[in-house]
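Asks: Numbering (this note's numbering), first residue to last: 122 to 265.
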Amino acid sequence: MEIEHWVEWLCPGTLFPEESNQKIETRDLSKIKIPSDAYAFRFYDIKKLEVTDELGEKHMMRSRTNISPRHIIGKVYSMEDIEEMNSGGEYDILIRNLERYGAKCAVLTWKGNWQKLMKDDVVIDLDNTPYHIEIVEPVIYKEV
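Shown next as structure tokens:
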């Protein structure tokens, strides 16, 4: 059995996030180069196992495992913070959505979109992080 390490990049899309995948050597954040269009990412491993079927033909079985929490690049705002910023009503829909989902916080990503902060999410604040995060030009990667 062989194990490969991958990262899934989440980028703003029209209705849903656009996803692309890249094979990586390590999950060390200081060695990850984040595409400039990604607002979040998650790590995962691919287990590869060669199996032989009943006809003697070999096939590669692949399964995704060891999936990390979502890492969001941005700044956390509490519901109170968002309500204070809502003087002109521009955040009414965001507030209603957060209330509907019972969320107490949201993340304004560095790409300008809002994400509901979920229980296991990890937030990377570029202004206050112990990591040296390298931002690179966007490249579309597809899982092989």
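Beta carbons are placed, not taken as given, at the ideal position from N, Cα and C, and that holds for glycine.
All values reported here derive from a predicted model rather than from experimental measurement.
For a test of the three-state rule: what should DSSP assign to V265, helix, strand or coil?
Replies: Residue confidence is low: V265 scores 47 on pLDDT, short of 50, so the model does not pin down where it sits. Its coordinate-derived value is still stated next. If DSSP states are grouped into helix, strand and coil, V265 belongs with coil.
Asks: Between N234 and Y160, is the Cβ-Cβ spacing less than 9 Å?
Replies: yes
Asks: My guess is that F164 and L131 are in contact by the Cβ rule of under 8 Å, so how many angstroms apart are they, rounded?
Replies: Not confirmed; about 12 Å, so no contact.
Asks: Where are the beta strand (DSSP E) runs, 3 residues long or more, that stay fully inside the stretch 172-242, in chain order?
Replies: Counting only runs of 3+ residues, the beta strand (DSSP E) found wholly inside the stretch 172-242 occupies 179-186, 192-199, 226-230, 235-237, in chain order.
Asks: Would you mind reading off the limits of the beta strand (DSSP E) that contains I124?
Replies: 123-132
Asks: Suppose the cutoff is 7 Å on Cβ atoms and the five residues either side in sequence are ignored; what does the same chain contact list for V265 look like?
Replies: In this prediction, V265 scores a pLDDT of 47, lower than 50, which makes its location untrustworthy; the coordinate-derived value is nonetheless stated afterwards. So the list is empty, once near-sequence residues are dropped.
Asks: Counting Cβ pairs closer than 8 Å, one from the stretch 175-182 and one from the stretch 220-231, do we hit at least three?
Replies: no
Asks: Using 8 Å as the cut-off, can you tell me whether the stretch 201-208 makes contact with the stretch 139-155, which would need three or more C-beta pairs spanning the two stretches below that distance?
Replies: no
Asks: Give me the Cα-Cα distance between K169 and R185, rounded to the nearest whole angstrom.
Replies: Answer to the nearest angstrom: the Cα atoms are 9 Å apart.
Asks: For R183, count the other beta carbons within 10 Å of its own beta carbon; 16 or more makes it buried, fewer makes it exposed. Which is it?
Replies: The residue is exposed, with fewer than 16 neighbouring Cβ atoms inside 10 Å.
Asks: State the CB to CB distance for the pair K144 and E125, rounded to an integer number of angstroms; the pair is presumed to be in contact (CB under 8 Å).
Replies: 6 Å
Asks: I'd like the list of long-range same chain contacts for D242, defined as Cβ closer than 7 Å, with 5 residues on each side in sequence excluded.
Replies: P190, R191, I193
Asks: Reducing DSSP to helix, strand and coil, say where H151 ends up.
Replies: According to the sequence displayed, residue 151 carries Ser and not His. The answer is helix: DSSP assigns S151 an H, G or I state.
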